[in-house]
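One structure is given here, and the rest of the page talks about it.
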């Protein structure tokens, strides 16, 4: 007797040479790992599944890949423009590859728990796929087990388990966010300096001030990124710090690229400083830099202000029936 | 391993997830603040049932288990007909099986429901037919080997997932072309010398 079960594929895949995928049978979930010459299977029966936990993880690889892709694309355009089409095409392909890597990078982790084991589902590594797959799974599991009512969740059934989790809130460390305040404020100042430079006012003191402020911001952002780990600062603020750091690095790299471009473009023809300042590439870079610093600084200050207000606002007074 | 079997924990920092955050669309880890979803099902609250060890034979005319002669038989195996006690009875695919029948069927590859792995011979044949062709000369060996794999494993159980035999067909075609090309080359060299 050979019985061949029927399966349908769930969203989500991972890997290239070793691929993971999830398949849904009539009474179980099948996790498949496919090597070039073999497949290995792991079965989770719907009646045995206790819980599914999906956690978002930082999408740093995607961010780095997209940044790299943009930079390589700019390089490709520059190479094309300067008469090196072969290298330009090569860079464009590299850029596409970076985009692909960013698109495929993991941004969530999904774990499935039974009474005897906890297993990671490697194919559910993208939030979109995990969301769709978990919705489909929930339907099948609830068909097999029924659903958990709100009463069960709040009743004594979970008391014993809840006792183990009572210390979760204590793990958070309070952070005043002073460094964040200073960094975001200085970014506005840096934006203002950029605006002055963009107007064509260039002097050595202004350049020194811009450099000092820029370095201070960079150091403060690094300090903020260290301080905010495991702190009670909102996720938005913490992400913004990372975004700002990335913007800072990207800004530096683009500045370098623009300088090379102008040197190659103008070369010995650059007879005055005004000629360099009037170059459209430099003006464009200055404008993007200005908008970036102002936008990030303002967003940071607004998020910090909202957080401050939430922390310092007492909870509303509970009024009785007569109130 | 972020989760222990007896509680739910954040996959990133392993901080336990409080029950207030279970079965909610949007929740955050109390420690690392990562957005998370923890879906809990009734099996989480169920207490594990005590396994039956079987009841002893009390009277002389009672049937006993084939594998445990001192235990009372409760059901026959639907495959081999042997009497089984509660300890040996395995409910599988809607039938009662004895452990030996399950093991035998599994070893013969007859139970896809129990297979922990399967070999993909069609992939093997396809790779044997394609990759060596990139450096040409190994195909004098790999093309016949491809044909051997195709013929030998044509009926072997493949993946338990939906899968066609298209890889076998392509591998066989490529191997035939490669063998044909070698034969042509040999004949060409022989007739050229004459």
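Chains as they are written, first to last, in the working numbering: chain A, 1 to 323; chain B, 1 to 194.
For every residue, glycine included, the Cβ atom is placed at its ideal position computed from N, Cα and C.
For clarity, every value in this text was computed on a predicted model and none was experimentally measured.
Any C-beta of chain A under 8 Å from that of residue i
i                      : result
residue 119 of chain B : yes
residue 186 of chain B : no
residue 31 of chain B  : yes
residue 134 of chain B : no
residue 161 of chain B : yes
residue 14 of chain B  : no
residue 147 of chain B : no
residue 8 of chain B   : yes
residue 19 of chain B  : yes
residue 11 of chain B  : yes
residue 112 of chain B : yes
Where residue i falls, given that 16 or more other Cβ within 10 Å makes a residue buried
i                      : result
residue 40 of chain A  : exposed
residue 124 of chain A : buried
residue 109 of chain B : exposed
residue 111 of chain A : buried
residue 61 of chain B  : exposed
residue 213 of chain B : Chain B is shown from 1 up to 194; residue 213 of chain B falls before or after that span and cannot be answered.
residue 85 of chain A  : exposed
residue 159 of chain B : buried
residue 148 of chain B : exposed
residue 165 of chain B : exposed
residue 26 of chain B  : exposed
residue 24 of chain A  : buried
residue 88 of chain B  : buried
residue 37 of chain B  : buried
residue 63 of chain B  : exposed
residue 55 of chain B  : exposed
residue 91 of chain A  : buried
residue 70 of chain B  : exposed
Closest residue to residue i among the options (Cα-Cα distance)
i                      : options                    : result
residue 28 of chain B  : B/156, B/128, B/10, B/60   : B/10
residue 20 of chain B  : B/40, B/124, B/165, B/34   : B/40
residue 36 of chain A  : A/51, A/48, A/68, A/19     : A/19
residue 9 of chain A   : A/141, A/22, A/301         : A/22
residue 276 of chain A : A/200, A/305, A/103        : A/200
residue 61 of chain A  : A/44, A/88, A/107          : A/107
residue 186 of chain B : B/68, B/90, B/37, B/140    : B/140
residue 53 of chain B  : B/164, B/159, B/85         : B/85
residue 143 of chain A : A/16, A/11, A/49, A/31     : A/49
residue 7 of chain A   : A/306, A/224, A/26         : A/26
residue 122 of chain A : A/70, A/95, A/33           : A/33
residue 243 of chain A : A/218, A/263, A/267        : A/218
residue 279 of chain A : A/258, A/137, A/176        : A/258
residue 97 of chain A  : A/66, A/78, A/87           : A/66
residue 190 of chain A : A/78, A/114, A/214         : A/214
residue 13 of chain A  : A/75, A/105, A/77, A/78    : A/105
residue 125 of chain B : B/171, B/182, B/91         : B/171
residue 15 of chain B  : A/297, A/265, A/24, A/53   : A/53
residue 17 of chain A  : B/69, B/123, B/64          : B/123
residue 83 of chain A  : A/265, A/304, A/285, A/289 : A/265
residue 299 of chain A : A/237, A/63, A/283         : A/237
residue 194 of chain A : A/116, A/56, A/74, A/283   : A/283
residue 64 of chain A  : A/134, A/247, A/47         : A/247
residue 183 of chain A : A/45, A/44, A/68, A/293    : A/293
residue 245 of chain A : A/187, A/101, A/43, A/109  : A/187
Residue-level contact to chain D via CB, residue i, 8 Å cutoff
i                     : result
residue 78 of chain B : In the structure shown, chain D cannot be found, because the protein chains are A and B.
Residue-level contact to chain B via CB, residue i, 8 Å cutoff
i                      : result
residue 353 of chain A : The shown model of chain A, from 1 to 323, leaves out residue 353 of chain A, and the question about it has no answer.
residue 129 of chain A : no
residue 153 of chain A : yes
residue 230 of chain A : yes
residue 23 of chain A  : yes
residue 310 of chain A : no
residue 18 of chain A  : no
residue 55 of chain A  : yes
residue 261 of chain A : no
residue 115 of chain A : yes
residue 39 of chain A  : yes
residue 325 of chain A : Outside the displayed span of chain A (1 to 323) sits residue 325 of chain A, for which this structure offers no information.
residue 81 of chain A  : no
residue 168 of chain A : For residue 168 of chain A, the predicted model reports a pLDDT of 39, less than 50, meaning its position is unreliable and no value from the coordinates is stated.
residue 323 of chain A : With a pLDDT of only 36 at residue 323 of chain A, under the threshold of 50, the placement of this residue in the model should not be trusted; the figure read from the coordinates follows. Closer than 8 Å: no.
residue 32 of chain A  : yes
query: What runs of the beta strand (DSSP E), each 3 residues or longer, lie entirely inside the segment 78-111 of chain B?
result: 90-92, 95-97
- prompt: Residue ranges of each alpha helix (DSSP H) run of no fewer than 4 residues wholly in the segment 121-179 of chain B, ordered along the chain?
  reply: 121-130, 139-152
- prompt: For the segment 210-243 of chain A, which residues have a CB atom closer than 7 Å to at least one CB atom of chain B, in sequence order?
  reply: 230, 235
task: Output, in sequence order along the chain, the residues in the segment 81-96 of chain B whose CB is closer than 9 Å to any CB in chain A.
output: 93
query: Curious, which full-length alpha helix (DSSP H) runs of at least 4 residues does the segment 27-108 of chain A contain?
result: 60-81, 85-104
message: Which residues of the segment 140-152 of chain A have a Cβ closer than 9 Å to any Cβ of chain B? Give them in chain order.
response: 141, 142, 144, 145, 146, 147, 148, 150, 152
query: If contact means a Cβ-Cβ distance below 7 Å, which residues of the segment 36-51 of chain B contact chain A?
result: 36, 37, 38, 39, 40, 41, 42, 43, 44, 45, 48
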